[in-house]
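To keep things clear, I will list the structure first and then write my remarks on it.
Residue numbers (this note's numbering): 1 to 178.
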């Protein structure tokens, strides 16, 4: 059976209901999950970005998705995020399989990745080397754009394209000066 890490936030209405009638919702939800073929392995209330963190076991992705859709449709929780958890041995097997693939990252793709992501380490701090690489890449792109724009302006000035009269002869209209 597959395991899932589920993080969610309670709606303000759900908090108000719990204040009016305090109860262990994790136990109640666990029983409802069992009726759908899932099993609540562990659950916690959290204070911070998420209000609820649970670990669920389900027979397959479809059952897990159906269960989460049902829970979300109640309106009691929102901002649900789900992460598939992999057993350590399955993770090692996946890493070994990765060694069998001969995939080469194209250089332009690598630059796009560096420019579009801010990397985090396990302590949620920005990894400075990748952040600096991204900033340098963005500065380089802006530099190239300004050079390209300057080259176009020089070309247009050299060929007097700023003041040429433009008209479409097939229309019969008078020329327009731009």
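C-beta atoms are modelled at their ideal positions from N, C-alpha and C, and glycine is treated no differently.
Of the residues the options, which one's Cα is nearest the Cα of residue i?
i          : options         : result
residue 69 : 137, 153, 8     : 8
residue 4  : 46, 151, 67, 28 : 67
residue 36 : 45, 51, 58, 141 : 58
residue 40 : 133, 56, 52     : 56
residue 52 : 154, 72, 89     : 72
residue 26 : 11, 12, 60, 44  : 44
residue 1  : 11, 22, 85, 24  : 85
So, helix, strand or coil for residue i, using DSSP?
i           : result
residue 76  : coil
residue 93  : helix
residue 43  : strand
residue 55  : strand
residue 101 : coil
residue 11  : coil
Report the rounded CA-to-CA distance for residue i versus residue j, giving the unit in angstroms.
i           : j           : result
residue 49  : residue 83  : 16 Å
residue 146 : residue 130 : 24 Å
residue 62  : residue 33  : 14 Å
residue 110 : residue 133 : Reliability fails at residue 110, whose pLDDT of 48 lies under 50, so the model's placement of it is uncertain and no value is given.
residue 47  : residue 97  : 38 Å
residue 135 : residue 149 : 21 Å
residue 100 : residue 60  : 27 Å
residue 23  : residue 10  : 14 Å
residue 95  : residue 158 : 58 Å
residue 141 : residue 87  : 42 Å
residue 102 : residue 38  : 38 Å
residue 144 : residue 138 : 10 Å
residue 31  : residue 92  : 33 Å
For residue i, does the count of other Cβ atoms within 10 angstroms reach 16, so buried, or fall short, so exposed?
i           : result
residue 6   : buried
residue 29  : buried
residue 155 : exposed
residue 64  : buried
residue 54  : buried
*Segment contact flag, the region 4-20 with the region 70-81, C-beta cutoff 8 Å, min 3 pairs*: yes
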